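Have a look at the structure below before the remarks.
Protein chains: 2
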Amino acid sequence: MAKTTENATGTLGKAIEVLDIIASSAEPLRFTDVLKLSDQPRGTLHRQISNLIEEGLISVNRDNSYGLGLRLLQFASKAWASNQFRTIAEPHLQKLHEQTGETVHLGVLRGTEVIYLDKVESRQSVRMYSQIGNTAPAYCTGVGKAALSALPDDELDVRLAQVEFRCFTPNTLLDAKTLSAEIRQIRLEGNAYDREEHEAGICCVAAPIHSYNRHFIAGVSVTGPAYRITPDILQSWAGITRAAAGAIMANMATQLSPKM
Amino acid sequence: MAKTTENATGTLGKAIEVLDIIASSAEPLRFTDVLKLSDQPRGTLHRQISNLIEEGLISVNRDNSYGLGLRLLQFASKAWASNQFRTIAEPHLQKLHEQTGETVHLGVLRGTEVIYLDKVESRQSVRMYSQIGNTAPAYCTGVGKAALSALPDDELDVRLAQVEFRCFTPNTLLDAKTLSAEIRQIRLEGNAYDREEHEAGICCVAAPIHSYNRHFIAGVSVTGPAYRITPDILQSWAGITRAAAGAIMANMATQLSPKM
DNA sequence: AATTAAGTTCCAAATAATGGAACTAAGCAG
DNA sequence: CTGCTTAGTTCCATTATTTGGAACTTAATT
Numbered sequence: 015m016a017k018t019t020e021n022a023t024g025t026l027g028k029a030i031e032v033l034d035i036i037a038s039s040a041e042p043l044r045f046t047d048v049l050k051l052s053d054q055p056r057g058t059l060h061r062q063i064s065n066l067i068e069e070g071l072i073s074v075n076r077d078n079s080y081g082l083g084l085r086l087l088q089f090a091s092k093a094w095a096s097n098q099f100r101t102i103a104e105p106h107l108q109k110l111h112e113q114t115g116e117t118v119h120l121g122v123l124r125g126t127e128v129i130y131l132d133k134v135e136s137r138q139s140v141r142m143y144s145q146i147g148n149t150a151p152a153y154c155t156g157v158g159k160a161a162l163s164a165l166p167d168d169e170l171d172v173r174l175a176q177v178e179f180r181c182f183t184p185n186t187l188l189d190a191k192t193l194s195a196e197i198r199q200i201r202l203e204g205n206a207y208d209r210e211e212h213e214a215g216i217c218c219v220a221a222p223i224h225s226y227n228r229h230f231i232a233g234v235s236v237t238g239p240a241y242r243i244t245p246d247i248l249q250s251w252a253g254i255t256r257a258a259a260g261a262i263m264a265n266m267a268t269q270l271s272p273k274m
Numbered sequence: 015m016a017k018t019t020e021n022a023t024g025t026l027g028k029a030i031e032v033l034d035i036i037a038s039s040a041e042p043l044r045f046t047d048v049l050k051l052s053d054q055p056r057g058t059l060h061r062q063i064s065n066l067i068e069e070g071l072i073s074v075n076r077d078n079s080y081g082l083g084l085r086l087l088q089f090a091s092k093a094w095a096s097n098q099f100r101t102i103a104e105p106h107l108q109k110l111h112e113q114t115g116e117t118v119h120l121g122v123l124r125g126t127e128v129i130y131l132d133k134v135e136s137r138q139s140v141r142m143y144s145q146i147g148n149t150a151p152a153y154c155t156g157v158g159k160a161a162l163s164a165l166p167d168d169e170l171d172v173r174l175a176q177v178e179f180r181c182f183t184p185n186t187l188l189d190a191k192t193l194s195a196e197i198r199q200i201r202l203e204g205n206a207y208d209r210e211e212h213e214a215g216i217c218c219v220a221a222p223i224h225s226y227n228r229h230f231i232a233g234v235s236v237t238g239p240a241y242r243i244t245p246d247i248l249q250s251w252a253g254i255t256r257a258a259a260g261a262i263m264a265n266m267a268t269q270l271s272p273k274m
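In order, the protein sequence lines correspond to chains L and E.
Numbers given in the working numbering equal positions in the first sequence, counted from 1, plus 14.
Numbers given in the working numbering equal positions in the second sequence, counted from 1, plus 14.
Shown next as structure tokens:
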């Protein structure tokens with residue numbers, strides 16, 4: 015679960031790996047816990063953690079267990095505020111929300127996961143931090159499947175091979191073959207659907223967003239409760255969701271580079 | 015502006031310093047810009063940035079300028095959700111908001127700055143990320159001054175010496191002597207006030223929060239528009255703000271350590 | 001008081017970072 | 001188109017940092 019792919023980024027990579035171990039754990043870890051999860055010798059790990067604490071990336075709880083440091087919030091706040099893609103997408107998300115009245119998500123693909131970058135909803139009942147920055151598996155979310163569909167074939171194969179399927183609901187897709195077939199369908203239609211595949215009672219329609227060279231891949235979705243949003247209604251939003259995605263891509267082309 | 019205090023945290027420290035340079039800049043920096051701001055040789059800086067990119071901590075815009083990476087959002091989202099202090103404080107912030115009807119902030123002291131950790135307000139008109147994770151100078155905010163007042167004398171002197179005073183409004187305190195006097199007053203009263211010192215038209219009342227050994231220092235505040243919140247009204251909230259801070263400290267004592 | 005586990009410090013050996021210089025690519029002026 | 005300037009990238013012997021085993025201190029448990 016906390017096993018990060020063995021990176022070759024030297025000292026920094028190892029430090030971030032430790033950070034990842036601490037981030038991935040549900041409950042607070044103490045020194046020995048981290049020691050077991052990492053494959054570093056004690057002396058080494060101890061210094062790495064000391065450095066991370068010194069830099070404010072890790073905080074120490076009173077019982078000597080570790081948590082993520084607040085400096086990360088500081089960085090993230092700036093990352094979010096200054097993110098060009100998010101800034102460009104923002105008005106389009108707003109518009110899509112006004113057109114549908116439902117929650118709109120913006121997420122980017124990283125590996126086989128989706129990182130949620132923004133969210134627009136009517137009642138801000140749930141705290142934003144509970145969503146923004148959160149990740150979800152790409153294979154069982156609308157945004158994720160839309161994003162996967164925008165990958166070039168060779169790259170798609172690589173990613174599909176990395177997916178670790180897990181059953182969240184009775185509708186969750188559970189093998190690469192089914193997923194692959196669905197992605198072909200998404201490419202034809204231009205829209206992806208999440209039919210209560212990640213969370214029971216929640217469905218959505220999504221559309222892919224990508225940069226001209228497809229190095230950057232993202233997606234936008236409209237989400238709602240399944241009891242209220244019938245498949246027909248969902249499908250009726252497919253067009254405007256694609257339109258929003260298209261408008262964001264158009265804006266990216268004009269605003270992010272002199273010529274496309 | 016981006017000059018971080020020369021740290022001795024080895025390779026990691028240097029990498030984070032680069033991250034800080036990129037975070038501190040208003041507009042996107044290109045390679046040479048970062049080179050000028052850091053005092054690293056080109057080859058070195060180039061590798062450092064490459065590693066940061068590889069780890070997802072820095073992203074590259076299409077014009078080769080750098081921004082903060084989305085992986086920081088991922089970390090921050092977890093840091094926020096799992097933060098023990100914030101979790102403990104949350105219900106008390108909620109209650110304070112219900113009692114006053116105004117915006118409630120929770121912030122922790124880091125050096126001479128305050129990092130905002132949480133916020134409760136009625137109309138979520140402003141995006142949360144625009145506040146949470148944000149920092150502000152301690153000397154001109156209610157939460158910040160309350161926090162400073164909880165520092166032991168020797169530590170306070172150290173921090174006061176580090177403050178770089180800057181004028182935000184006509185009311186901003188501009189020298190250590192005045193600030194020091196005000197902190198003595200705050201210690202007597204148990205409350206700090208921001209009388210439009212950071213932002214014109216915005217005032218607040220705050221109270222300090224600290225761990226038993228005062229290694230961890232924070233503050234809670236009630237903020238409102240000055241045209242509506244007269245000094246009298248503000249003062250009438252002093253008691254419940256102190257009470258909220260006290261309740262949070264009591265909860266910390268019982269929940270964070272077996273015995274105090 | 002004895003025993004086990006948890007956390008911390010130390011230092012010679014191994015490894016990774018450094019930084020100067022050489023190199024390529026991009027932008028611009030004549 | 002050519003030469004000139006600036007921006008960005010790669011290379012590698014030298015240097016400095018990280019490594020990891022073991023010894024050590026402190027805290028918890030029996």
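Where is the CB? At the ideal position from N, CA and C, for every residue including glycine.
Just so it is clear, the structure is predicted and the values come from calculations on it, not from any experiment.
Can the beta-carbon of residue i be found less than 8 angstroms from the beta-carbon of residue j?
i	j	result
Asp208 of chain E	Gly156 of chain E	yes
Met266 of chain L	Ile102 of chain L	yes
Ile231 of chain E	Leu123 of chain E	yes
Leu86 of chain E	Ala37 of chain L	no
Gly238 of chain E	Gln98 of chain L	no
Asn75 of chain E	Phe45 of chain E	no
Gln62 of chain L	Lys109 of chain L	no
Thr126 of chain E	Pro151 of chain E	yes
Ser52 of chain E	Leu59 of chain E	yes
Lys159 of chain L	Gln145 of chain L	no
Val48 of chain L	Ile35 of chain L	yes
Ala161 of chain E	Gly233 of chain E	yes
Ala221 of chain E	Thr244 of chain E	no
Glu211 of chain L	Thr192 of chain L	no
If you reduce the DSSP assignment to three classes, tell me which class residue i lands in.
i	result
Ala232 of chain E	strand
Ala150 of chain E	strand
Ile30 of chain L	helix
Thr117 of chain L	strand
Ser163 of chain L	helix
Asp53 of chain L	coil
His224 of chain E	strand
Gly253 of chain E	helix
Arg141 of chain E	Here the model assigns Arg141 of chain E a pLDDT of 47, short of 50, so the residue's position is not dependable, and the following value carries that caveat. DSSP places Arg141 of chain E in coil when its eight states are reduced to three.
Asn265 of chain L	helix
Pro42 of chain L	coil
Thr19 of chain L	Confidence at Thr19 of chain L is low in this model, with a pLDDT of 35, below 50, so its placement is unreliable and no value can be given for it.
Asp246 of chain L	helix
Thr25 of chain E	helix
Phe101 of chain E	In the sequence as presented, Phe is not what sits at residue 101 of chain E; that position holds Thr. Three-state DSSP puts Thr101 of chain E in a helix.
Ser79 of chain L	coil
Asp189 of chain L	coil
Thr183 of chain E	coil
Thr155 of chain E	coil
Ser123 of chain L	The identity of residue 123 of chain L in the sequence shown is Leu, whereas the question assumes Ser. Residue state, collapsed to three classes: strand.
How would you list, in chain order, the residues of chain L whose beta-carbon sits under 9 angstroms from the beta-carbon of residue i?
i	result
Asn148 of chain E	Leu87, Gln88, Ser91, Lys92 and Ala95
Val122 of chain E	Leu84
Leu51 of chain E	Residues of chain L passing the Cβ test: none, with the nearest at roughly 16 angstroms.
Leu33 of chain E	Phe89
Hey, out of the options, whose CA is closest to residue i's CA?
i	options	result
Pro166 of chain E	E:Phe179, E:Arg198 and E:Phe182	E:Arg198
Ile216 of chain E	E:His229, E:Thr183 and E:Ser225	E:Thr183
Asn148 of chain E	E:Leu162, E:Ser163 and E:Leu131	E:Leu131
Ser39 of chain E	L:Ala93, L:Ile243, L:Asn65 and L:Met263	L:Ala93
Ile30 of chain L	E:Arg180, E:Arg56, E:Gly70 and E:Glu31	E:Gly70
Glu178 of chain E	E:Tyr153, E:Ala160, E:Leu162 and E:Asn185	E:Tyr153
Ala264 of chain L	L:Ala252, L:Val32, L:Leu33 and L:Ser225	L:Ser225
Gly275 of chain E	E:Ile262, E:Ala206, E:Trp251 and E:Thr268	Lying before the first or after the last residue shown, residue 275 of chain E is absent from chain E, which here runs from 15 to 274.
Cys218 of chain E	E:Gly57, E:Gln113 and E:Val118	E:Val118
Applying a beta-carbon distance threshold of less than 7 angstroms, which residues of chain E neighbour residue i?
i	result
Gly233 of chain L	None at all; the shortest Cβ gap to chain E is about 14 angstroms.
Residues of chain E with a CB under 9 angstroms from the CB of residue i: which are they?
i	result
Asn265 of chain L	What Asn265 of chain L touches in chain E: nothing, since even the nearest Cβ is about 13 angstroms away.
Leu131 of chain L	Leu84 and Leu87
Check the Cβ of residue i against every Cβ in chain L and list those closer than 7 angstroms, keeping chain order.
i	result
Gln54 of chain E	Per Cβ cutoff of 7 angstroms: no residues; Gln54 of chain E is ~14 angstroms from chain L at best.
Taking residue i as the query, report the chain L residues whose CB atoms sit under 8 angstroms from its CB, ordered along the chain.
i	result
Gly81 of chain E	Ala93, Ser96, Asn97 and Gln98
Anything in chain E within Cβ reach of residue i, meaning under 8 angstroms, just list it in chain order.
i	result
Ala37 of chain L	Gln88, Phe89, Lys92 and Ala93
Using a Cβ cut-off of 7 angstroms, which residues of the segment 157 to 184 of chain E contact any Cβ in chain L, in chain order?
-> none
If you measure beta-carbon to beta-carbon, which residues of the segment 234 to 268 of chain L are closer than 9 angstroms to chain E?
-> Met266
Identify each residue in the segment 187 to 207 of chain E for which the Cβ-Cβ distance to at least one residue of chain L is less than 8 angstroms, and report them in chain order.
-> none
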